Amino acid sequence: MTVSCSHCGRAFVRSEHLTRHVDSVHKRDRVYTCNVCGKEFNRSDSCRRHQQAHKRAASESKTTRGERTRRACHSCAIARTRCSGGECCERCREKQLHCTYGLVHLQHPTATTTEANASGTAPAGATPSTSANVTGASGAYLSGGSVVGPGAVLPLNASTIRGPVDDGSDGVPRLESESQRLEYDDAFPENVDTGLDQLPWSENMNWLPVSNGADLAMLEEFELSTAITGSAWVLPGVINVNSPLTSTSSTTDVTNIAPSRRKDSESRYVDGHGARKSVQRAKKLSKAPAETSWLRDDTFSFPQAVARAFDDPTNEDEIVDHQSYNTILRYFHSLCVSETTLWKPFDAAIFPGRSYLNRCMTLFLEHITRHVALIHSTSWAQRAVPWPVLLACITIGATFDEEGKAQECAHAFREFLRRVVRWCLETDTALDRMPLVQTCLLHTIAQFNASSDDNSLSAVADLRLAMSLYQATYRAQPLDQIDPSQTELLWAAWIHEETHRRLRWFTWLTEMVLSATRRHVVAPPLPTDIGRLPCAMVLWKADNIWTWNAAFDNVGQGPELLESLSSLYIKHRIPNLVDTTQNILLTYAIIARTEEVATTAQQALHDWSPTPADGDNEVGSDDGEGGESTGAKDQWLPANSTYAAWRNSACDCFDLLHWQANSEIHAAKGFEGPAILHLHLARLLLLCPYRDCMSLVSELSRRHAAGAENVSATQLTANIVKWLTLDDHKGRLSLVHAGAIFWYIRRYSLALHHEPFTIYVATIILWTYGLYVPQVRSALLAIKDSRNRRHNERQQDSSLQNDSHPASSEESEDDDLIPDTILIDRPCDDEIIQAFVRKGHAMTAEMSGAGDICTPRGLRRVLEEGIKLLRRSQYMSYDKAREYSQNLHKLAQRT
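full-length UniProt numbering puts the last residue of the sequence shown at 895; the count rises by one with no breaks.
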């Protein structure tokens with residue numbers, strides 16, 4: 001039985017609820033007025049809290065400086081407590097501490113910041129089950145924990161996952177008030193300063209210095225023969241542990257996946273479940289699949305099983321219709337079966353049935369189109385996709401098939417597609433240039449994990465040739481020259497222009513990632529001539545003119561490339577990104593820009609500046625120090641000040657992009673998308689000598705004896721030793737991201753083409769760190785002592801001009817709080833990550849199922865964990881995954 005309100009008719013179950021409703025809403029005789037500003041309230045406690053806010057504002061305005069700082073003072077930051085700001089904050093005044101703000105410049109608070117501070121912070125009692133961990137300075141882990149920065153917790157609910165992050169008065173990121181929260185697409189507007197200058201710990205961590213020449217000289221005095229040509233090459237003896245084919249980790253295979261089309265109610269607390277269901281995507285494997293045999297590069301055939309066709313003539317929704325299938329089949333007989341073909345015929349004239357081709361097309365649309373969106377939905381609906389593009393999509397889709405003879409089918413499809421691409425390029429066909437480039441791009445992706453480097457290099461060469469032919473004939477039609485009333489014509493022109501933009505961007509992205517995996521593929525330059533990034537997926541997926549108009553009004557065109565980079569580099573602000581693809585492209589744009597700086601820094605005349613008297617020094621300029629000063633080819637790149645500054649700035653930009661990806665993670669209920677994996681991989685590509693580590697592993701995997709006389713990679717080891725000692729901060733930061741890759745692959749893997757390489761790089765980085773750190777620890781400690789002495793000398797010099805402050809004692813107190821271990825493949829508190837990066841030489845790096853990775857047992861288990869991931873059935877059709885797995889397996893046998 002319910003009771004109704006006589007004023008508004010609202011129904012209540014209990015009478016006391018009705019009484020409270022009438023008193024608070026309809027009766028105006030109980031109005032409480034603020035005696036400061038005159039604002040009225042219905043409740044006395046609300047008015048009391050409002051008046052207390054006035055009192056706090058009045059007390060804060062009485063500070064001697066009259067304004068608050070954007071960061072906490074040094075003492076409050078070390079203690080992780082709230083700082084009241086001012087010339088001397090309240091905590092420092094009570095404890096009689098020296099209140100300093102370092103290099104922070106005071107700024108007047110903006111209106112947005114003031115209102116955000118008045119709105120309060122996130123609740124401190126949020127439990128791990130209702131919170132999501134977002135990246136702090138390191139950008140290492142994005143789910144499973146609970147911290148943004150020190151002391152800020154984001155509760156995972158609909159009212160907070162969309163709000164931008166603003167800085168509080170104590171230097172800790174805060175959420176804006178409910179009235180100020182923006183929509184998800186506008187989560188980071190340009191007028192909201194979410195830059196790194198608000199977070200002092202992030203700036204300090206990314207900009208930790210590389211050791212200077214004095215430390216390099218000390219490293220040279222260290223007995224490198226022990227680490228390079230001596231016992232360092234004698235790997236630890238074989239340990240009695242289980243084979244990676246039969247052993248299982250105690251914590252690795254906790255990757256249960258719910259059905260992809262599960263109901264929303266299955267993951268709700270309201271249904272009586274003890275916790276929300278996991279959003280993990282990776283499949284759980286009871287045991288590693290059996291090692292598949294290598295397929296010869298000169299033998300191709302489709303298995304008999306896929307030739308059985310079960311076509312349904314009543315099904316008209318299939319993408320590969322009878323006409324397209326007959327065209328593909330005719331070219332298969334012409335290029336792969338006929339004796340007159342230019343290539344060796346297949347072993348059998350068997351070709352898969354139309355039902356299998358449609359199955360591969362379905363796999364392509366489910367796994368690839370969200371990440372490599374090249375073809376507009378109208379082309380699929382109108383069946384306007386040319387047959388070579390269809391064949392390329394089928395070839396990639398076949399790699400996601402994990403049943404039966406899928407590996408043999410994918411192998412044969414790749415060879416068939418390779419011959420089609422060569423035939424289209426060498427003959428004058430009626431195929432348009434744009435579909436030709438699309439076919440070549442998909443072919444390059446299909447050959448990304450080919451066992452032979454020649455196939456991938458040939459695919460890249462074909463792609464560049466097709467792109468040059470396409471660029472020579474492409475003519476853009478400006479949209480502003482089209483009558484706005486001609487909406488159909490305007491939409492068609494926009495689709496054509498956006499397809500061209502996406503084709504160029506994805507071509508550049510594929511070459512960038514492939515250049516990291518293959519030494520012989522030259523990284524392409526940053527395509528600044530394209531202008532804009534691709535548009536948001538919600539706009540690209542619009543299948544009619546009305547949906548497109550509505551989406552265009554909301555999100556508009558993609559952001560400008562140079563403006564986005566300027567926002568990241570100079571303004572330290574997150575650009576207005578609304579799409580994962582834009583995030584990934586900007587990630588590799590930052591890598592490309594850093595590589596441009598590295599190339600310039602290594603040029604012979606980089607550090608030379610022309611002067612009028614240069615001609616007078618021509619005689620004898622080739623001898624002595626003058627000749628050496630013009631060349632920088634022998635310089636260790638991280639020691640170059642210009643490159644080091646750009647690399648540090650790139651890390652800042654990666655952190656900003658990682659924060660942008662947090663909003664997508666929250667909206668996806670904790671699921672980490674592919675942008676997270678690319679951001680982890682980007683750190684490894686910039687922060688560690690991964691090519692040297694890969695060459696080292698390849699060299700050792702080819703050797704059967706463990707003696708030092710069988711190794712010819714002395715210089716590789718010298719670079720690794722420098723990385724672990726002189727550039728140790730970046731080395732430990734890369735170790736954190738390598739562990740984060742294991743966390744991602746175990747739970748959120750999408751089986752994309754770049755994942756096997758990412759797993760391999762992460763594994764060898766962890767293995768290299770565990771192998772060499774114990775052997776260079778003495779040199780590392782000596783370098784640390786040298787740094788501390790120089791720091792103390794600078795402190796003494798500065799104390800002669802300024803009053804001394806107890807910073808050293810506070811640092812010693814902070815050192816007592818540093819944990820002894822860090823679990824690198826699990827979500828970590830951001831403070832633990834910072835402590836590991838700064839002073840990780842005194843900490844133990846552990847991995848789930850491996851323990852201390854610096855022990856012989858830990859080294860072997862690290863390799864086994866990498867092998868276990870690479871031998872998943874989802875990578876069965878990737879030849880490189882098997883090659884990487886075999887290299888690690890050979891290395892594990894010697895460990």
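All C-beta atoms, glycine included, are put in the ideal place defined by N, C-alpha and C.
Computed from a predicted model, the values in this text were never measured in an experiment.
Inset, instruction - Please state if the CB of A398 and the CB of C440 are separated by a distance shorter than 8 Å. - result: Not closer than 8 Å, so no.
Legend entry - 8 Å Cβ shell around L637 - same chain, five flanking residues per side excluded: A598, A601, Q602, Y643
Legend entry - Paired residues, beta bridge with A11 - DSSP: S4
Inset, instruction - Leaving out five residues on either side along the sequence, give the residues of the same chain with a beta carbon under 7 Å from the beta carbon of P756. - result: N449, L870, Y875, Y878, K880, A881, Y884
Inset, instruction - Could you pull out every residue in the same chain whose Cβ sits closer than 6 Å to the Cβ of L514, ignoring the five residues on either side in sequence? - result: V521
Legend entry - Supposed contact pair A459 and H443 - C-beta distance, whole angstroms, cut 8 Å: 5 Å
Legend entry - Start-end ranges of the alpha helix (DSSP H) lying completely within the region 386-468, minimum 4 residues: 387-398, 406-426, 433-446
Inset, instruction - Sort A493, L771, I482, T507 by Cα distance to Q471 and report the nearest one. - result: T507
Legend entry - Coil, strand or helix - F671 by DSSP: coil
Inset, instruction - Throw me the rounded Cβ distance for the F416 and F332 pair, which I believe falls under 8 Å. - result: Contact between F416 and F332 holds: their C-beta atoms lie close to 6 Å from each other, under 8 Å.
Inset, instruction - Look up I741 in the DSSP assignment and give the residues it is bridged to. - result: None; I741 has no bridge partner.
Inset, instruction - Look at the alpha carbon of K344 and the alpha carbon of F300, and state the distance between them as a whole number of angstroms. - result: 9 Å
Inset, instruction - On the DSSP bridge assignment, give the partners of A845 in chain order. - result: I822
Legend entry - Neighbourhood of C360 by C-beta distance below 6 Å, restricted to the same chain and skipping five residues each side: I394, G397, A398
Inset, instruction - Tell me whether the beta-carbon of A738 lies closer than 8 Å to the beta-carbon of L684. - result: Between A738 and L684, the CB-CB gap stays under 8 Å.
Inset, instruction - Would you tell me roughly how many angstroms separate the C-alpha atoms of W546 and L539, rounded to the nearest one? - result: 11 Å
Inset, instruction - State the DSSP-derived secondary structure class of F654, mapped to helix, strand or coil. - result: helix
Inset, instruction - Would you mind giving the Cβ-Cβ distance between F12 and V3, rounded to the nearest angstrom? I have them listed as a contact below 8 Å. - result: Rounded, the Cβ-Cβ distance is 5 Å, consistent with contact.
Legend entry - Burial state of N544, where buried means 16 or more other Cβ atoms lie within 10 Å: exposed
Inset, instruction - Using beta-carbon positions only, say whether N887 and S701 come within less than 8 Å of one another. - result: yes
Inset, instruction - Report back the beta-carbon spacing between F654 and L679 to the nearest angstrom; my notes put them in contact at under 8 Å. - result: 6 Å
Legend entry - C-alpha gap between I853 and F742, whole angstroms: Roughly 14 Å between the two C-alpha positions.
Legend entry - Under 8 Å between C-beta atoms of V721 and Y772: yes
Legend entry - Alpha-carbon to alpha-carbon, S456 and L463: 11 Å
Legend entry - First and last residue of the uninterrupted alpha helix (DSSP H) at N554: Counting along the chain, the alpha helix (DSSP H) containing N554 begins and ends at 545-555.
Legend entry - Straight-line gap, T340 to A348 (C-alpha atoms, nearest Å): 15 Å
Legend entry - Check whether residue 940 and G731 have beta carbons under 8 Å apart: Here the chain covers residues 1 to 895 and nothing more, so residue 940 does not appear.
Inset, instruction - Could you tell me the boundaries of the alpha helix (DSSP H) in which E864 lies? - result: 856-870
Inset, instruction - Kindly identify the DSSP beta-bridge partner or partners of D852. - result: E846
Inset, instruction - Give the single residue among S451, L490, E488, H500 whose Cα lies nearest to the Cα of Y474. - result: H500
Inset, instruction - Reducing DSSP to helix, strand and coil, say where Y32 ends up. - result: strand
Inset, instruction - Spatial neighbours of Q51 within its chain, please: CB distance less than 8 Å, with the 5 preceding and 5 following residues excluded, ordered by chain position. - result: Setting aside the 5 residues that flank it on each side, Q51 is surrounded in the same chain by C34, N35, V36, each with a C-beta closer than 8 Å to its C-beta; the list follows chain order.
Inset, instruction - Could you say if the region 833-843 and the region 856-869 meet the contact criterion of at least three C-beta pairs nearer than 8 Å? - result: no
Inset, instruction - Give the straight-line distance between the Cα atoms of R691 and I759, rounded to the nearest whole angstrom. - result: 14 Å
Legend entry - 7 Å Cβ shell around I764 - same chain, five flanking residues per side excluded: C693, M694, V697
Inset, instruction - Within its chain, find whatever has a CB closer than 7 Å to the CB of Q486; leave out the 5 residues flanking it on each side and keep chain order. - result: Taken in chain order, the list of residues that qualify is empty.
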